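This report refers to the structure that appears directly beneath it.
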Amino acid sequence: MNAKAPRSTILAVANQKGGVAKTTSVASIGAALAERGQKVLLVDLDPQACLTFSLGIDPEDLELSVHHVLTKGTAVDEVIIETEDGVDLLPATIELARAEADLLTRTGREHVLRGVMEDLAASGTHYDWVLLDCPPSLGVLTVAALTAANGVLIPLQCETLSHRGVGQLLDTVHDVRRFTNRDLAVWGVLPTLYDGRTNHARAVLDTISETYDLEVVEPPIPKTIKFAEAPAAGRSILATSRSSKGAQAYRDVAGFLLDRAAR
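Under full-length UniProt numbering, residues 1 to 263 are what the sequence shown spells out, in order.
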């Protein structure tokens, strides 16, 4: 009798507010998990294709992308590409903006990404982790990501305004649990762009866990120019600035996620 293949842990990284270091977090956590010997697939679900670009791939050069997988039925393993950071990528292009409209009229659109993940597993390709970089909206693609995921991680800038959107995201998570994925768990809030020198940042961090009764993932990701330099090199901060505080913080977050997945 065949032993059952281990299942992937699928984690959606979502916040409908832009500018909260969502893409940086996906690239850096992916690289940190790969450093620990995990096989990792990153999925770029943002039509702006920032994740694709930040891993050294020019979206303009791509013939095939996640758009073709979601709307044209292209086999997912034809589209996945290897990156220098030791993670595989299902890339995006601007065409993905059309996918929202294409999927809107489709029956079962919420399940389209879950189907892709099931096809990938059935093809014999196994990943320990699949990280879904959601677009900055609560549209079809984000709901499809939440429907496919085991958990959701919410990156949050340590500023008062940035947590106004968390309530809306949690409402969407609640709906997804009711209708399309009852097993979806909120894994916590990841504080980003954190300046520990300011009382304001610390106060925001304290109120987040109280307001939403969510686990705050430690350590907070520090604000540093090193993060801006990494995408220009087409690598994650773990490659461009290995011993920086930012790289170390993401290694610690990867450790937290491995522990959380084992629970």
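We treat Cβ as the ideally placed atom computed from N, Cα and C, and that holds for glycine. Note that this is a predicted model, so its numbers are computed, not measured.
ask   = By DSSP, does residue 2 sit in helix, in strand, or in coil?
value = A caution first: residue 2 carries a pLDDT of 44, below 50, which makes its placement in the model unreliable, though a value can still be read off. Coil.
task = Let me know if residue 243 comes out buried or exposed under the rule of 16 or more other beta-carbons within 10 Å of its beta-carbon.
result = exposed
message = Based on DSSP bridge pairs, tell me the residues matched to residue 129.
response = 9, 40
ask   = Based on the DSSP output, what are the partners of residue 188 in its beta bridges?
value = 153
request  = Look at the Cβ atom of residue 220, then the Cβ atom of residue 198, and state whether they are nearer than 9 Å.
outcome  = no
query = Taking the alpha carbon of residue 25 as the point to measure from, which residue in 165, 81, 230, 259 has its own alpha carbon closest?
reply = 230
request  = Give me the Cα-Cα distance between residue 263 and residue 41, rounded to the nearest whole angstrom.
outcome  = 21 Å
inquiry  = Under DSSP, the beta strand (DSSP E) around residue 45 begins and ends at which residues?
reply    = From DSSP, residue 45 is part of no beta strand (DSSP E); its letter is neither H nor E.
ask   = Excluding five sequence neighbours on each side, which residues of the same chain lie with their C-beta closer than 6 Å to the C-beta of residue 256?
value = 217
ask   = If we call anything under 9 Å between Cβ atoms a contact, is residue 8 one with residue 88?
value = no
ask   = Can you list the alpha helix (DSSP H) stretches of 4 or more residues lying completely in the segment 192–243, in chain order?
value = 199–212, 226–233, 237–240
key: 9 Å Cβ cutoff met for residue 158 and residue 119   = no
Nearest-angstrom beta carbon gap, residue 149 and residue 292 [assumed within contact, 8 Å] = Only positions 1 to 263 of the chain appear in the structure, and residue 292 is not among them; the question remains open.
task = Tell me residue 81's beta-bridge partners as DSSP assigns them.
result = 89
ask   = Taking C-alpha atoms, which residue in 124, 51, 106 lies nearest to residue 91?
value = 51
ask   = Measuring CA to CA, which of 122, 121, 168 is closest to residue 143?
value = 168
ask   = Regarding residue 179 and the ligand NAD, is the C-beta to nearest heavy atom distance less than 8 Å?
value = Inclusion of the ligand NAD in the displayed structure is not the case, the ligand content being empty and no account of it being possible.
Straight-line Cα distance separating residue 222 from residue 116 = 35 Å
ask   = For the alpha helix (DSSP H) that residue 145 lies in, which residues bound it at each end?
value = 140–148
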